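Participant:
Numbering (this note's numbering), first residue to last: 15 to 415.
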């Protein structure tokens with residue numbers, strides 16, 4: 015059988031393709047936030063994934079919040095996106111509203127929703143692809159790699175006021191990949207088995223081309239030249255087909271942090287958003303002051319990222335900032351970073367939300383909580399039930415009680 019070459023490989027790009035040359039860095043207030051979360055659509059009895067995204071989207075047509083709900087690659091995935099938020103407190107309110115809305119819509123359709131990096135036991139072979147040209151083209155191009163992508167993430171956008179600054183901030187965020195992954199890790203299971211990893215999602219997604227930590231670019235021109243070469247040769251339709259852990263997003267004028275697993279608890283998602291916002295502000299002010307932004311070899315930051323995927327908040331990572339010969343628990347490095355970020359969070363009005371990082375470390379991430387449920391009775395269905403219970407906001411009456 016003759017292999018069909020995808021349109022993107024032949025250089026035939028979508029006419030609506032995004033361009034790195036038409037960026038919007040500086041078009042909005044710096045440090046504004048946006049968060050995207052991907053949720054699992056669940057059967058309320060078996061807690062397996064169900065292929066009902068079209069039913070959900072049909073049910074919300076005309077609703078005020080309908081524009082905030084989107085389909086994803088597979089029909090068992092629902093994505094939400096907040097509007098632009100000034101503070102992490104705004105993110106909290108928007109995510110509370112959206113999670114409650116999704117819960118209610120799902121309940122009306124006889125469904126439940128959950129947020130974690132992988133579904134603990136569902137199989138990708140049983141998932142149907144969403145009927146959109148972009149997704150079918152992705153399957154045509156990536157084949158098994160894309161069909162296997164039954165994973166769920168959280169993406170955080172932070173606005174930056176200058177394109178060259180954005181590149182340097184991305185470079186400066188590379189050593190923070192491991193802490194962000196450890197904080198958000200929520201995928202210790204894959205295909206019904208405990209994997210021994212805190213984030214199986216990272217391992218699954220690492221098979222994608224143009225994924226993982228971004229290379230270090232000199233400036234925005236350097237970045238645009240590289241992306242332009244990929245576009246001109248038809249390797250990609252546009253820069254949105256570059257799936258790095260952190261990437262500039264020219265269309266929105268933001269830095270997009272993509273490393274995080276989908277986060278189960280609302281307050282943890284908000285704390286991580288506050289952490290990212292404060293980090294970007296800290297690095298932005300260093301750039302404005304002409305100070306050097308620390309940068310480390312990709313091999314070192316990638317090693318720490320692997321350790322975070324394997325061990326989560328217990329990961330023994332290299333302390334790149336001090337160059338110590340002794341590895342440190344990643345939670346210790348996060349606490350040190352928190353002290354540095356506190357004044358920036360205070361200026362952003364997100365100090366209270368940033369305090370949620372210490373609470374997250376104290377109670378453990380979602381991967382740890384899932385494993386505690388599983389180890390209690392070896393019932394993996396109970397793990398998914400616990401994910402759904404922790405994802406969906408409680409009813410107002412129950413909260414009052």
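For glycine and all other residues, C-beta sits at the position ideal for the given N, C-alpha and C. Just so you know, these numbers come straight off a predicted model, no measurement behind them.
Can you check the stretch 106-175 for any beta strand (DSSP E) of at least 3 residues that lies completely inside it and give the ranges in chain order?
Facilitator: 126-128 and 168-173
Participant: With DSSP run on the structure shown, which of helix, strand or coil describes residue 247?
Facilitator: Counting from one through the chain shown, the residue named residue 247 turns up at place 233. DSSP places residue 247 in coil when its eight states are reduced to three.
Participant: Would you say the beta carbon of residue 90 comes nearer than 8 Å to a heavy atom of the ligand ATP?
Facilitator: This structure lacks the ligand ATP, and indeed carries no ligand of any kind.
Participant: Give a yes or no on contact between the stretch 41-50 and the stretch 113-123, applying the rule of three or more CB pairs nearer than 8 Å.
Facilitator: no
Participant: Any idea which residues DSSP pairs residue 203 with across the strands?
Facilitator: Position 189 of the chain shown, counted from the start, is the residue given in the question as residue 203. Beta-bridge pairing links residue 203 to 208.
Participant: Can you tell which of 74, 57, 166 and 171 has the C-alpha that lies nearest to the C-alpha of residue 93?
Facilitator: If you number the chain shown from 1, residue 93 lands on position 79. The option with the nearest alpha carbon to residue 93 is 166.
Participant: Does DSSP put residue 70 in a helix, a strand or coil?
Facilitator: Translated into positions along the chain shown, residue 70 becomes position 56. In this structure, residue 70 counts as helix in the three-state DSSP scheme.
Participant: Go ahead and pull the three-state DSSP assignment for residue 403.
Facilitator: Taking the chain shown and counting its residues from 1, one reaches residue 403 at position 389. Helix at residue 403.
Participant: Mapping the DSSP letters down to three states, classify residue 482 as helix, strand or coil.
Facilitator: A query on residue 482 cannot be resolved here, the shown segment of the chain reaching from 15 to 415 and no further.
Participant: Among 360, 227, 340 and 289, which has the Cα closest to the Cα of residue 310?
Facilitator: On the chain shown, residue 310 is found 296 positions in, with the first residue counted as 1. Nearest option by C-alpha distance: 227.
Participant: Among 299, 162, 401 and 316, which one has its Cα closest to the Cα of residue 354?
Facilitator: Counted from its first residue, the chain shown places residue 354 at position 340. Taking only the C-alpha atoms, the option nearest residue 354 is 299.
Participant: Identify every run of the alpha helix (DSSP H) within the stretch 307-385, keeping only runs that are complete inside it and at least 4 residues long; order them along the chain.
Facilitator: 312-325, 344-362, 365-368 and 370-377, all fully within the stretch 307-385.
Participant: Using a Cβ-Cβ cut-off of 6 Å (strictly less than) and excluding sequence neighbours within five positions of residue 229, which residues of its own chain qualify?
Facilitator: Along the chain shown, one-based indexing puts residue 229 at 215. Correct list: empty, nothing qualifies.
Participant: Quick one: what does DSSP say residue 193 is sitting in, helix, strand or coil?
Facilitator: In the chain shown, counting from the first residue as 1, residue 193 sits at position 179. Helix, per DSSP.
Participant: Return yes when the Cβ of residue 139 is within less than 9 Å of the Cβ of residue 218, no when it is not.
Facilitator: Locating residue 218 in the chain shown gives position 204, counting from the first residue. Locating residue 139 in the chain shown gives position 125, counting from the first residue. Not closer than 9 Å, so no.
Participant: Alpha carbon to alpha carbon, how far is residue 55 from residue 63? Give it in angstroms, no decimals.
Facilitator: The residue you call residue 63 lines up with position 49 of the chain shown. The residue you call residue 55 lines up with position 41 of the chain shown. Residue 63 and residue 55: Cα-Cα distance of roughly 6 Å.
Participant: Going straight from the alpha carbon of residue 174 to that of residue 389, what length do you get?
Facilitator: The sequence position of residue 174 within the chain shown is 160, counting from 1. The sequence position of residue 389 within the chain shown is 375, counting from 1. One C-alpha to the other measures close to 44 Å.
Participant: So, is residue 3 buried or exposed, given that buried needs 16 or more other C-beta atoms within 10 angstroms?
Facilitator: It is not possible to answer for residue 3, since the shown part of the chain is limited to 15 through 415.
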